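Per the UniProt record's numbering, the sequence shown starts with residue 1, numbered consecutively.
To start, the structure itself, in structure tokens.
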Amino acid sequence: MSHPTGPIEVERKFVPGPTVEDQLHSLGAELKDETVFQDSYYDSLDNRLTLADIWLRKRADSWELKQPLLRGAHGLNGASTQYQEVTCEAEILRRVSEELGVPCPHNLDALGLNEFARFVTTRRKFLFPAHNGSGHNVAVDLDTTDFGFAVGEVEVLVQREDEVKRALQEVEDTCRKLEYRHLFWPILIQIIGPEKISVYP
């Protein structure tokens with residue numbers, strides 16, 4: 001399968017503690033912005049999409065779909081996870097219709113899917129300045145939902161594949177400084193394009 005080209009995200013999620021913002025400030029990170037957005041998740045009444053590990057959501061007015069990279073597989077398989085993220089609405093419509101075994105309509109609303117979850121997230125983005133000549137900025141997103149769930153994400157964005165190794169090290173270094181090593185998800189690498197290829201090595 002050919003991968004799309006584009007910037008590459010290297011990231012790791014973690015469960016933030018109550019002092020994480022103080023830690024970030026003490027390490028030199030600055031708060032860059034705060035955004036609020038709403039996500040709604042959809043499925044058929046028999047949960048056919050989620051049972052296939054396919055996740056369809058609407059953020060603001062944009063549809064997004066996340067599914068295993070290999071059809072019929074599940075994204076999480078031991079320590080290795082691979083997902084594909086699709087943001088092109090026409091392609092999402094085709095894939096959802098195919099999974100449900102129905103003719104492809106003109107829009108997703110015509111499929112009559114059931115909204116099974118809706119929540120609002122507040123995201124605070126912190127940024128570390130580039131250091132050691134790498135030219136990479138390390139970003140940390142802190143998300144809190146309106147039902148009280150909190151998750152953090154350490155992220156480095158690079159332009160070339162040969163920069164990924166350095167970005168991995170920068171993500172790991174930041175994780176160690178935050179001292180939440182036992183609470184971290186596996187590392188995720190995403191190639192950003194019309195379809196984002198997500199790989200947890």
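The beta carbon of each residue, even a glycine, is placed where N, CA and C say it ideally should be.
Predicted, not measured: the structure shown is a model, and the values here were computed from it.
Provide the residue span of the alpha helix (DSSP H) that contains threonine 50, from first to last. Reading the sequence shown from its first residue, position 50 is the one you call residue 50. 48-51 is the extent of the alpha helix (DSSP H) around threonine 50.
For serine 44, tell me which candidate among Phe116, Glu172 and Gly152 has the shortest Cα-Cα distance. Reading the sequence shown from its first residue, position 44 is the one you call residue 44. Comparing Cα-Cα distances from serine 44 to each of Phe116, Glu172 and Gly152, the minimum goes to Phe116.
State the DSSP-derived secondary structure class of serine 62, mapped to helix, strand or coil. On the sequence shown, residue 62 is found 62 positions in, with the first residue counted as 1. Looking at serine 62 - three-state DSSP - the assignment turns out to be strand.
Classification of valine 154 by the beta-carbon crowding that lies within 10 angstroms, buried from 16 upward: For the purposes of this step, residue 154 is taken as residue 154 along the sequence shown, with counting starting at 1. Sixteen is the threshold: when 16 or more other Cβ atoms of the shown chains lie within 10 Å of the Cβ of valine 154, as they do, the residue is buried.
Exposure of proline 103, with buried meaning 16 or more beta-carbon neighbours within 10 Å: What you label residue 103 is simply residue 103 of the sequence shown in a count that begins at 1. Around the beta-carbon of proline 103, fewer than 16 other beta-carbon atoms lie within 10 Å, marking it exposed.
What does asparagine 114 pair with, by DSSP beta-bridge criteria? The count along the sequence shown starts at 1 and reaches residue 114 at position 114. DSSP output for asparagine 114 lists Asp43 as bridge partner(s).
Which residues does DSSP list as the beta-bridge partners of leucine 127? As a position in the sequence shown, residue 127 is number 127, starting the count at 1. Note: leucine 127 is bridge-paired with Glu30 and Ala139 in the DSSP secondary-structure output.
For lysine 177, which residues in the same chain have their Cβ closer than 6 angstroms to its Cβ, ignoring the five residues on either side in sequence? Numbered from 1 along the sequence shown, position 177 holds the residue referred to as residue 177. Here lysine 177 has Leu27 as same chain residues with Cβ atoms under 6 angstroms from its own Cβ, once five neighbours each way along the sequence are excluded.
CA-CA distance, glutamate 30 and lysine 58? Taking the sequence shown and counting its residues from 1, one reaches residue 30 at position 30. Taking the sequence shown and counting its residues from 1, one reaches residue 58 at position 58. Distance between the alpha carbons of glutamate 30 and lysine 58 is about 30 angstroms.
Under 8 angstroms by Cβ, that's how I've got arginine 118 and aspartate 141 pegged, so tell me the actual separation to the nearest angstrom. The residue you call residue 118 lines up with position 118 of the sequence shown. The residue you call residue 141 lines up with position 141 of the sequence shown. In this structure, arginine 118 and aspartate 141 do not form a Cβ contact; the two beta carbons are roughly 21 angstroms apart against a cut-off of 8 angstroms.
Per-residue DSSP class, three states only, for leucine 76: Numbered from its first residue, the sequence shown carries residue 76 at position 76. The pLDDT assigned to leucine 76 is 45, lower than 50, so where the model puts this residue is not dependable; a value taken from the coordinates is nonetheless given after this. Note: leucine 76 maps to strand in three-state DSSP.
How would you write the range of the beta strand (DSSP E) that leucine 157 sits in, first residue to last? Residue mapping note: residue 157 aligns to position 157 of the sequence shown, counting from 1. In this chain, the beta strand (DSSP E) harbouring leucine 157 covers 150-158.
Cβ shell of serine 97 (< 6 angstroms), same chain only, five flanking positions each side left out: Numbered from its first residue, the sequence shown carries residue 97 at position 97. The residues are Cys104.
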